[in-house]
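Residue numbers for the sequence shown follow our numbering, beginning at 145 and rising by one.
Ideal Cβ positions, reconstructed from N, Cα and C, are used throughout, including at glycine.
Worksheet for the structure shown next.
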Amino acid sequence: MSRSSELFSKAQHSIPGGVNSPVRAFTGVGGDPIFFERANGPYMFDVDGNRYIDYVGSWGPMILGHNFPAIRDAAIEAAERGLSFGTPTAIEITMAEKIIEIVPSIEKVRMVNSGTEATMSAIRLARGYTKRDKILKFEGCYHGHVDSLLVKAGSGALTLGTPNSPGIPADLAQHTLTVSFNNLEEVNEVFEQYGDQIACIIVEPVAGNMNCIPPQPGFLEGLRKVCDDNGSVLIFDEVMTGFRVAPGGAQQYYAITPDLTCLGKVIGGGMPVGAFGGKREIMDHIAPTGPVYQAGTLSGNPVAMAAGLAALNALQEPGRYEQMNRSVEMLVKGLQDAADEAGIPLSINHVGGMFGFFFTDKDKVTSFADATACNMDHFKAFYHQMLKRGVYLAPSAFETGFMSMLHSDADIEQTIQAARESFAALNK
Ligand code: PMP
Numbered sequence: 145m146s147r148s149s150e151l152f153s154k155a156q157h158s159i160p161g162g163v164n165s166p167v168r169a170f171t172g173v174g175g176d177p178i179f180f181e182r183a184n185g186p187y188m189f190d191v192d193g194n195r196y197i198d199y200v201g202s203w204g205p206m207i208l209g210h211n212f213p214a215i216r217d218a219a220i221e222a223a224e225r226g227l228s229f230g231t232p233t234a235i236e237i238t239m240a241e242k243i244i245e246i247v248p249s250i251e252k253v254r255m256v257n258s259g260t261e262a263t264m265s266a267i268r269l270a271r272g273y274t275k276r277d278k279i280l281k282f283e284g285c286y287h288g289h290v291d292s293l294l295v296k297a298g299s300g301a302l303t304l305g306t307p308n309s310p311g312i313p314a315d316l317a318q319h320t321l322t323v324s325f326n327n328l329e330e331v332n333e334v335f336e337q338y339g340d341q342i343a344c345i346i347v348e349p350v351a352g353n354m355n356c357i358p359p360q361p362g363f364l365e366g367l368r369k370v371c372d373d374n375g376s377v378l379i380f381d382e383v384m385t386g387f388r389v390a391p392g393g394a395q396q397y398y399a400i401t402p403d404l405t406c407l408g409k410v411i412g413g414g415m416p417v418g419a420f421g422g423k424r425e426i427m428d429h430i431a432p433t434g435p436v437y438q439a440g441t442l443s444g445n446p447v448a449m450a451a452g453l454a455a456l457n458a459l460q461e462p463g464r465y466e467q468m469n470r471s472v473e474m475l476v477k478g479l480q481d482a483a484d485e486a487g488i489p490l491s492i493n494h495v496g497g498m499f500g501f502f503f504t505d506k507d508k509v510t511s512f513a514d515a516t517a518c519n520m521d522h523f524k525a526f527y528h529q530m531l532k533r534g535v536y537l538a539p540s541a542f543e544t545g546f547m548s549m550l551h552s553d554a555d556i557e558q559t560i561q562a563a564r565e566s567f568a569a570l571n572k
């Protein structure tokens, strides 16, 4: 029995399901999860002494690779001065100014401790600002485990939300309207009926939680317009896309200006950090300036700020994004060629540092329905074949792939070779 499997058995006695976040448990691919003990650059090393080329990057934060020296050193140096003060600190201003400099739409920003806190706070702010209760989200978009956002309505544009986890009051979920991603018609229909009650639209501008699904041309523009026409707030959840699809996130890549933006992952350099920000006029509705309450004992924590700031500074060094984008292009082309050679139907999407491959005959995957109709048996088998060959992919068909800026051509070539062998094994 591997050490990982031993640890997983042990973990289940004291931790629900043996993990502190569900997708880590390999429920999407079967088998026992791997326990890791260290990581460096694009590699992670497990407790059994195996090395993996990592395309998860802690689910996004490790865009500069693992254990990036400048981030680690900044965190250690800050820790030596104290772990938390619960008072204002100068580095919080530097961090806020840095975010405002990089993310086009943000004029003021508040730090929190996770992506979930960022989206929860942003929708509260949108509701408080507009004095409306309803929110609109898209099926297959994940915004953290916020009560109002853990809702995925059944089909039909006008279906009112039903919670998709026990513990969420139906009375609350009914305020969440859910429509199909990339379907502007459904959005417009919902606005025709409920427009004056909708506080906000919240959207992942590139959906990364149903694999990787970019917005169709005109989709984000349409959301901007319907929000403007109805006095609703447009929230881009850039927890995943921020600092990844472009330095300034999807809003820069697609040149759309949201009213509020949620950030997380990359912004903490690996420490637990999130943020939400946007138009000054809206942000000033937050306490203590305004009446919408939002707070946090550890928000703006000095060690987390030091690590995050070091990450953002390093990302501004010339050539970083070009390197990552080249790596994604190379990987995508190699995977597609390898699948074609093996006669395995595969379709790949990618935007900047995000990519996703789908086992399907479809040329382009553009919707939640397309993503869920893929061949899951192929995905699971391919996953374990790749794992055996030292490639660590997200253990779910509904997660995007994350490239780092430290993956070398040799790493990508090795990954493509592993894929060639894995596709061949699927045919056996
Ligand atoms: N929004 C998006 C788009 C995410 O991908 C995630 C996490 N995967 C979250 C919000 C929640 O972030 P966290 O897990 O840090 O709470």
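As a quick exercise: from the options, pick the residue whose alpha carbon is nearest that of residue i.
i, options, result
"P539", "M206, V173, V410", "V173"
"A394", "V476, I357, D428", "I357"
"R182", "F170, I492, G534, Y196", "Y196"
"S324", "V334, Q558, D291", "V334"
"E348", "G392, T504, Y286, L321", "Y286"
"E330", "I312, F363, A351", "F363"
"V509", "H551, K477, N493, G386", "N493"
"M415", "S148, D315, V447", "V447"
"I243", "V472, N353, V370, G422", "G422"
"S376", "L404, A563, G288, M384", "L404"
"K572", "G487, F502, F499", "G487"
"D381", "E473, L227, A222, K281", "K281"
"L316", "N308, D291, L531, G497", "D291"
"L531", "E565, Y397, T516", "E565"
"V410", "P310, A431, L453", "L453"
Run through DSSP, which three-state label would residue i get?
i, result
"K409", "helix"
"I286", "Note that residue 286 is Tyr in the sequence shown, not Ile. Residue state, collapsed to three classes: coil."
"Y536", "strand"
"H157", "helix"
"M264", "helix"
"G172", "coil"
"V436", "strand"
"C371", "helix"
"R195", "strand"
"A399", "coil"
"G300", "Per-residue confidence for G300 stands at a pLDDT of 32, beneath the threshold of 50, marking its modelled position as unreliable; no derived number is given."
"I488", "coil"
"S585", "There is no way to answer for residue 585, as the model of the chain reaches only from 145 to 572."
"F325", "coil"
"L378", "strand"
"A419", "strand"
"N469", "helix"
"D190", "strand"
"M520", "helix"
"G463", "coil"
"I207", "coil"
"I426", "helix"
"I357", "strand"
"M449", "helix"
"R182", "strand"
"K572", "coil"
"F152", "helix"
"G478", "helix"
"G500", "strand"
"G545", "strand"
"I312", "coil"
Drop a sphere of 10 angstroms on the beta-carbon of residue i, count the other beta-carbons inside from all chains shown, and report buried for 16 or more, exposed for fewer.
i, result
"V220", "In the sequence under discussion, the amino acid at residue 220 is Ile, which differs from the Val named in the question. Under this definition I220 is an exposed residue."
"F567", "buried"
"P177", "buried"
"R424", "exposed"
"Q337", "exposed"
"R225", "exposed"
"P402", "buried"
"I246", "buried"
"Q156", "exposed"
"F229", "exposed"
"S299", "At S299, the pLDDT of 31 sits below 50, so the modelled position is not reliable; the number obtained from the coordinates is stated separately. Looking at its Cβ environment, which holds fewer than 16 other Cβ atoms inside 10 Å, S299 is exposed."
"D553", "exposed"
"G239", "Sequence inspection shows Met at residue 239; the Gly mentioned does not correspond to that position. Buried."
"N327", "buried"
"S309", "exposed"
### Query
Below 8 Å, can you find three or more Cβ-Cβ pairs linking the region 248–260 to the region 465–474?
In this structure the region 248–260 does not lie against the region 465–474, because fewer than three pairs of beta carbons, one per stretch, are closer than 8 Å.
### contact_flag[the region 519–531, the region 348–366] where n(CB pairs < 8 Å) is 3 or more
Verdict: no, contact absent.
### Message
What ranges does the beta strand (DSSP E) occupy inside the region 213–272, keeping only unbroken runs of at least 3 residues that lie completely in it?
### Response
Unbroken beta strand (DSSP E) runs of no fewer than 3 residues, entirely contained in the region 213–272, are found at 252–256, following chain order.
### Message
Three or more C-beta pairs under 8 Å: does that hold for the region 264–278 against the region 331–345?
### Response
The region 264–278 and the region 331–345 touch, with no fewer than 3 CB-CB distances between them shorter than 8 Å.
### Query
Contact between the region 185–200 and the region 158–174: three or more CB pairs below 8 Å?
At 8 Å Cβ cutoff, the stretches do not touch.
### Query
If you pair each beta-carbon of the region 458–465 with each one of the region 192–212, do three or more pairs fall below 8 Å?
At 8 Å Cβ cutoff, the stretches touch.
### Given 8 Å, three or more beta-carbon pairs between the region 557–567 and the region 479–487
These segments touch.
### Message
So, does the region 498–507 touch the region 152–168, judging by three or more C-beta pairs under 8 Å?
### Response
Remark: fewer than three beta-carbon pairs, one from each stretch, lie closer than 8 Å, so the region 498–507 and the region 152–168 are not flagged as touching.
### Message
I want to know whether the region 271–278 touches the region 428–441 - three or more CB-CB distances under 8 Å.
### Response
Contact holds: three or more Cβ-Cβ distances are below 8 Å.
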